[in-house]
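Asker: Number 178 in the working numbering belongs to position 169 of the sequence shown; there are no gaps in the numbering. Here a beta-carbon is modelled for each residue, glycine too, at the ideal position from N, C-alpha and C. The model shown is predicted, which means the values in this text are computed figures rather than measured ones.
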Amino acid sequence: MKQQNTALLVMDMQIGILKNLPESATFITRVAHAIETARQKNLPVIFVTVGFRPGLPEMNVNNKGFSANRERFTKVNMEEFMRVDPSLAPQPQDILVVKRRVSAFSGSDLEVILRSFGIEHMVLTGIATSGVVLSTVREAADKDYRITVLADGCADADQEVHQVLTTKVFPRQAEVLTTEEWRKI
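1. Please classify ILE194: does DSSP put it in a helix, a strand, or coil?
2. For LEU174, I'd like the list of residues in its chain whose CB is within less than 7 Å of its CB, leaving aside the five on either flank, ordered along the chain.
3. Would you kindly check if the distance between the Cβ of LEU133 and the Cβ of LEU18 is under 8 Å?
4. How long is the line joining the alpha carbons of ARG155 and PRO95, rounded to whole angstroms?
5. What is the DSSP secondary structure of MET10, reduced to helix, strand or coil?
6. Could you work out which residue in ARG192, ASP153, ARG81, ILE104 is closest to GLN125 when comparing CA atoms only?
7. In the DSSP output, which residue or residues are listed as bridge partners for ILE156?
8. By a C-beta neighbour count over all protein chains shown, 10 Å radius and 16 as the cutoff for buried, is VAL121 buried or exposed?
9. Taking the runs of the beta strand (DSSP E) that are 3 residues or longer, which of them lie wholly in the stretch 25 to 74?
10. Where do the N-terminal and C-terminal ends of the beta strand (DSSP E) with VAL19 fall, by residue?
11. Compute every distance between the C-beta of GLN13 and the non-hydrogen atoms of the ligand NAD, then say whether any falls below 7 Å.
12. Less than 8 Å between C-beta atoms, sequence neighbours within five positions excluded: which residues of the same chain meet that for PRO99?
13. From what residue to what residue does the beta strand (DSSP E) around VAL106 run?
14. Is it buried or exposed for ASP153, if we count other Cβ within 10 angstroms and need 16 for buried?
15. Just mark MET10 as buried or exposed, buried being the case when its beta carbon has 16 or more other beta carbons within 10 Å.
16. Can you give me the C-alpha to C-alpha distance between ALA41 and MET20, rounded to a whole angstrom?
Below, the structure written as structure tokens:
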């Protein structure tokens, strides 16, 4: 697999989301390993977080997922919620992207960043497999990007859903590897 024009996307690895993931320490360690691999390969690392403005103007009542959590989000310190877990802390050379929906592309400037760097291949990590990873895989495929999903660098509250996505759904549009397999390429 050709590594030039490749970037690692680290999606929704933020304190406000990780706190809901059981056994997050092992998962975070694997994502940290993927970040280290990207840096060793001199690949851009792009951190994508989800966040909202005060008053939540991005949350439309027609969006079932977000509107169901609107009341909860009104009580959240958004700055704290959006912070990337300290053990994965972005470095000065890393790129930070804020999105307003589930896909890394929706409501963000991700595509502008990818084009500026000449990125044609994205390596994806993130939480949740059935959320940001699935939505980003689908949109990236429609935009003709090459995609690799690091199966053990993704997590979902529902392990069965994670398994079905990484073994049956994603292989139709992406290469699916482990962080260790990707390191060896």
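Answerer: Taking the structure as given:
1. For the purposes of this step, residue 194 is taken as the residue at position 185 of the sequence shown. It is coil, neither helix nor strand.
2. Here residue 174 refers to the residue found at position 165 of the sequence shown. The answer, listed in chain order, is THR138, SER139, LEU143.
3. As a first step, residue 18 is located in the sequence shown; it is residue number 9 there, counting from the start. As a first step, residue 133 is located in the sequence shown; it is residue number 124 there, counting from the start. Going by C-beta atoms, LEU18 is nearer than 8 Å to LEU133.
4. Taking the sequence shown and counting its residues from 1, the one referred to as residue 155 is at position 146. Taking the sequence shown and counting its residues from 1, the one referred to as residue 95 is at position 86. Rounded to whole angstroms, ARG155 and PRO95 show a C-alpha spacing of 29 Å.
5. Translated into the one-based positions of the sequence shown, residue 10 becomes position 1. Note that MET10 scores 45 on pLDDT, short of 50, meaning its location in the model is unreliable; the coordinates nonetheless yield the value given after this. Judged by DSSP in its simplified three-state form, MET10 adopts coil rather than helix or strand.
6. Taking the sequence shown and counting its residues from 1, one reaches residue 125 at position 116. A small fix is needed here, since residue 125 is Ser in this sequence, not Gln. Comparing Cα-Cα distances from SER125 to each of ARG192, ASP153, ARG81, ILE104, the minimum goes to ILE104.
7. Position 147 of the sequence shown, counted from the first residue, corresponds to residue 156. According to DSSP, which records beta bridges pairwise, ILE156 is partnered with MET131.
8. Taking the first residue of the sequence shown as 1, we reach residue 121 at position 112. Burial call: exposed.
9. With a minimum length of 3 residues, the continuous beta strand (DSSP E) runs that stay inside the stretch 25 to 74 are 54 to 59.
10. Locating residue 19 in the sequence shown gives position 10, where the first residue counts as 1. Membership of VAL19 in the beta strand (DSSP E) is indicated by the continuous run 15 to 20.
11. With respect to the ligand NAD, the structure offers nothing, as it holds no ligand at all.
12. Counted from its first residue, the sequence shown places residue 99 at position 90. So the qualifying residues of the chain are VAL54, PHE56, VAL93, LEU105.
13. Indexing the sequence shown from 1 puts residue 106 at position 97. Here the beta strand (DSSP E) through VAL106 covers 104 to 108.
14. To locate residue 153, count along the sequence shown from 1; it is residue 144. With a 10 Å radius around the Cβ and a threshold of 16 neighbouring Cβ atoms, ASP153 comes out exposed.
15. The residue you call residue 10 lines up with position 1 of the sequence shown. With a pLDDT of 45 at MET10, under the threshold of 50, the modelled position of that residue is not reliable, and the figure given next carries that caveat. MET10 is exposed by the Cβ-count criterion.
16. Numbered from its first residue, the sequence shown carries residue 41 at position 32. Numbered from its first residue, the sequence shown carries residue 20 at position 11. When rounded, the distance between both Cα atoms is 12 Å.
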